[in-house]
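> Mind the numbering: the sequence shown is residues 6 to 85 in the working numbering, read in order.
The beta carbon of each residue, even a glycine, is placed where N, CA and C say it ideally should be.
Here it is, the structure, as structure tokens.
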Amino acid sequence: TFLRQRTVYMPVEENSSQPSYLRYLIHLRFASSKSGKIFLHTDIRVLFARDKFEFDPSVAKYELRSFTEVPSNPKFSPRR
Numbered sequence: 006t007f008l009r010q011r012t013v014y015m016p017v018e019e020n021s022s023q024p025s026y027l028r029y030l031i032h033l034r035f036a037s038s039k040s041g042k043i044f045l046h047t048d049i050r051v052l053f054a055r056d057k058f059e060f061d062p063s064v065a066k067y068e069l070r071s072f073t074e075v076p077s078n079p080k081f082s083p084r085r
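This is the structure we're talking about:
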């Protein structure tokens, strides 16, 4: 299964028409052994936004927010 965390700059106002900007993303894959131990599997993917992020604070107010995603009903398969 996996775990993904996204960190984005988002407008503070809920109904804002201003865009959101992805800043960081990390994607981890996990596997479990027959004994029930959980460990990292294959690779770790990390994404850093390279662009210079600038916005006009008079137009919109932004905040840094994080979202964590995991599968709601993960499918497990045997290790190869």
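If distances are taken between C-alpha atoms only, which option among R34, P76, R55, P24 comes closest to T47?
Nearest of R34, P76, R55, P24 to T47, Cα basis: R34.
> Less than 9 Å between the beta carbons of R9 and H32, yes or no?
Cβ atoms of R9 and H32: closer than 9 Å.
> Between which residues of its own chain and R50 is the CB-CB distance below 6 Å, once the five residues before and five after are set aside?
So the qualifying residues of the chain are H32.
> List the endpoints of the continuous beta strand (DSSP E) containing A36.
Taken as a continuous stretch (DSSP letters only), the beta strand (DSSP E) holding A36 covers 26-37.
> For P79 and T6, I'd like the C-alpha separation in whole angstroms.
Straight-line Cα distance between these residues: approximately 6 Å.
> Where E68 and S40 are concerned, what is the direct C-alpha to C-alpha distance, given to the nearest angstrom?
E68 and S40: Cα-Cα distance of roughly 43 Å.
> Going along the chain, which residues of its own chain have a beta-carbon closer than 6 Å to the beta-carbon of T73, five neighbours each way excluded?
Here the set comprises Q10.
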